[in-house]
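Using the numbering used here, read the first sequence as starting at 263 and increasing by one per residue. Glycine included, C-beta positions come from ideal geometry on N, C-alpha and C. Given the structure is predicted, the values throughout are model-derived calculations rather than measurements. Below you'll find the structure, written out as C-alpha cells, and then a few comments.
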Amino acid sequence: MHTLTFELEAVPPYSFELTVHKPAGWSWLIRNEVYKNGTIWSAIRLYSGKPVGLKLRSMGTVHEPRVRCEAFTRQELINEEKIELQERIGKKLSADEDIREFYSLAQRDPVLHEVVKDLYGMRDTPSADVFSGAILAVTLQMAPWKRSMQMMESLLETYGERIAFDSQVINLWPTPEKLAIVEVEELQKKCKLGYRAQNLQSIAQTLTIGFPTLEDLEQMSTEGAKKKLMELRGIGGYSAEIISPHRGFPLDVWSTQIFHRLLFAETPEDPRAAISKVRRRAEERWGEWSGYAFIYVLNDLNNLSRKLKLKLN
DNA sequence: GCGTCCAGGTCTACC
DNA sequence: GGTAGACCTGGACGC
C-alpha cells in the first residue's frame, strides 16, 4: 500500500468530529465507514476509478481547525490525482464553507439558538458522488429507516468493492458500471429492493452513458441541477435535493411532521399534504440557510425535544 | 405462528 | 395543472 499524507485547514468554527460523525447516525461518505476515538476510516473513488482508503483525524481545535488525512492506494498516485484527492476531500468535509452568517441568524431564532449550541462547528457535507447519493435517495423512498439500511447494506455487501488498509476493511459503493449490467430480478432478490431495483438499474445505465458529476452540477444553478437530476428514473424533487450539491430542504413525511411541530406547534393531519406549507414557512424564516437549519434540527432532536418540551421524535 | 397493514416517494393515467 | 392509485418487501402489530 502507498500512503499519501496531507493536512487541510478549515474555516472556523469547525468541528471535525461532528462533521464526519453526525449525532443522528448519518455517515460521511459510506455506510460502513468506521469512526473511533475521533478518527474516521472511509474510502472514495477517484475519477479514474481508483479506490482510495482514507484515515482522517483532527489535529486542531474548533477555532483553529486542521485535519490530517492519510490516503492509502495500491499504486502510487500521480500528481494530478494527488491534487484531485486533496481538493475533493476538502469539498467532502465542507472545509471552506463559512457558516458564520448562519450562526448570526441563529442568535435571533429560538429554535436555531438551541441547536447551534449543541452542534457548534458542524458542517453539512455532500454525497461521495451522484450514484451514491442516488442509492441513498432511492432506498429512502417508501421505506422505514431500518429497511432503507437493510437495502443499502445488501447493495454494499453484494456489489460493493472491498478494500483493506490500516487494519480496516471498507466496502466502497458499487459503481454505476457494475449495477448497469446486473439483471433487475437479481437486484430485487439479492438486495430486497422491490420496485426500486428497476429505478436504480436505470439510473446506473444513464450514469454509465454520461451524466454530469457532482462538481458539474455544482456549477449549474440550484434549479438547473435539480431539473437535471429529475431526468433520472425514480428521482423526484425530494430525491434530487438529497443528491444535489446545492443544499436543499428535502422534506419527506417524517421530517415534515417534525418541522410542522416546530414551526406550527402542532402535528399535521396529513403530513404529505403539509410539505409545501412547511417548506414555505421554513424558507420565510430561515431563507438561504434553510438547508443548514434542516440538518442541524434533525441532528439534535433529542436535545431539542427536551429543551422546547415538544415531542419531536 | 400467521395474517394484515403500511412505510422517511415517484410515476402514470385520467380528469 | 391537479390528483388517485399502484408499486416491492419486510417489519410491526394484533390475534
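Assigned exposure category for residue i - 16 Cβ within 10 Å defines buried
{"i": "S366", "result": "exposed"}
{"i": "A426", "result": "exposed"}
{"i": "S483", "result": "exposed"}
{"i": "H325", "result": "exposed"}
{"i": "H264", "result": "exposed"}
{"i": "K488", "result": "buried"}
{"i": "D532", "result": "exposed"}
{"i": "Y276", "result": "buried"}
{"i": "A390", "result": "buried"}
{"i": "T354", "result": "Rather than Thr, the amino acid found at residue 354 in this sequence is Lys. Buried is the call here."}
{"i": "E376", "result": "buried"}
{"i": "S310", "result": "exposed"}
{"i": "N564", "result": "exposed"}
{"i": "G300", "result": "exposed"}
{"i": "G510", "result": "buried"}
Residue i - partner residues in DSSP beta bridges
{"i": "I306", "result": "V314"}
{"i": "V296", "result": "W303"}
{"i": "A426", "result": "V431"}
{"i": "H264", "result": "T335"}
{"i": "L270", "result": "V329"}
{"i": "R458", "result": "BP columns for R458 are empty, so no partner."}
{"i": "R319", "result": "T301, R330"}
Within 7 Å, strictly: CB atoms of residue i and residue j
{"i": "L494", "j": "T470", "result": "no"}
{"i": "K317", "j": "W303", "result": "yes"}
{"i": "L572", "j": "R523", "result": "yes"}
{"i": "D562", "j": "L381", "result": "yes"}
{"i": "L270", "j": "V329", "result": "yes"}
{"i": "A466", "j": "A442", "result": "yes"}
{"i": "P436", "j": "Y421", "result": "yes"}
{"i": "C331", "j": "F278", "result": "no"}
{"i": "A333", "j": "L266", "result": "yes"}
{"i": "P327", "j": "P388", "result": "no"}
{"i": "V446", "j": "Q430", "result": "no"}
{"i": "A399", "j": "I504", "result": "yes"}
{"i": "I520", "j": "D386", "result": "no"}
{"i": "A286", "j": "L525", "result": "no"}
{"i": "N461", "j": "G496", "result": "yes"}
{"i": "S416", "j": "C453", "result": "yes"}
Separation of residue j from residue i, as counted between CA atoms
{"i": "I361", "j": "M384", "result": "9 Å"}
{"i": "M413", "j": "D514", "result": "19 Å"}
{"i": "T335", "j": "K344", "result": "11 Å"}
{"i": "S567", "j": "L479", "result": "36 Å"}
{"i": "K539", "j": "Y457", "result": "29 Å"}
{"i": "W290", "j": "P530", "result": "31 Å"}
{"i": "Y554", "j": "N341", "result": "35 Å"}
{"i": "G498", "j": "P372", "result": "32 Å"}
{"i": "A536", "j": "E545", "result": "14 Å"}
{"i": "L418", "j": "Q450", "result": "14 Å"}
{"i": "S506", "j": "L476", "result": "7 Å"}
{"i": "L434", "j": "K312", "result": "11 Å"}
{"i": "R350", "j": "I432", "result": "19 Å"}
{"i": "E439", "j": "P474", "result": "15 Å"}
{"i": "H508", "j": "S394", "result": "16 Å"}
{"i": "N575", "j": "A527", "result": "14 Å"}
{"i": "I397", "j": "S517", "result": "19 Å"}
{"i": "E550", "j": "N294", "result": "32 Å"}
{"i": "I306", "j": "V314", "result": "5 Å"}
{"i": "Q481", "j": "E359", "result": "16 Å"}
{"i": "S320", "j": "K298", "result": "12 Å"}
{"i": "Q403", "j": "V392", "result": "17 Å"}
{"i": "Y323", "j": "F364", "result": "The sequence given here places Thr at residue 323; Tyr does not occur at that position. Approximately 20 Å, taken between the alpha carbons."}
{"i": "K379", "j": "K490", "result": "37 Å"}
{"i": "E448", "j": "M492", "result": "25 Å"}
{"i": "V282", "j": "R534", "result": "31 Å"}
{"i": "G339", "j": "R424", "result": "Inspection of the sequence shows that residue 339 is occupied by Leu rather than by Gly. So the two alpha carbons sit approximately 19 Å from each other."}
{"i": "R370", "j": "K569", "result": "17 Å"}
{"i": "T401", "j": "K408", "result": "10 Å"}
{"i": "E346", "j": "G352", "result": "10 Å"}
Closer than 6 Å: residue i CB and nearest the ligand HEM heavy atom
{"i": "G287", "result": "The model on display carries no ligand, and the ligand HEM is accordingly not part of it."}
For the region 430-456, list the beta strand (DSSP E) runs that are entirely contained and at least 3 residues long, ordered along the chain.
430-434
Whole runs of the alpha helix (DSSP H) within the region 346-414, excluding any shorter than 4 residues:
The qualifying runs are 362-369, 372-380, 392-402.
Enumerate, from N- to C-terminal direction, the unbroken alpha helix (DSSP H) stretches of 4 or more residues contained entirely within the region 497-562.
499-505, 515-526, 533-548, 552-560
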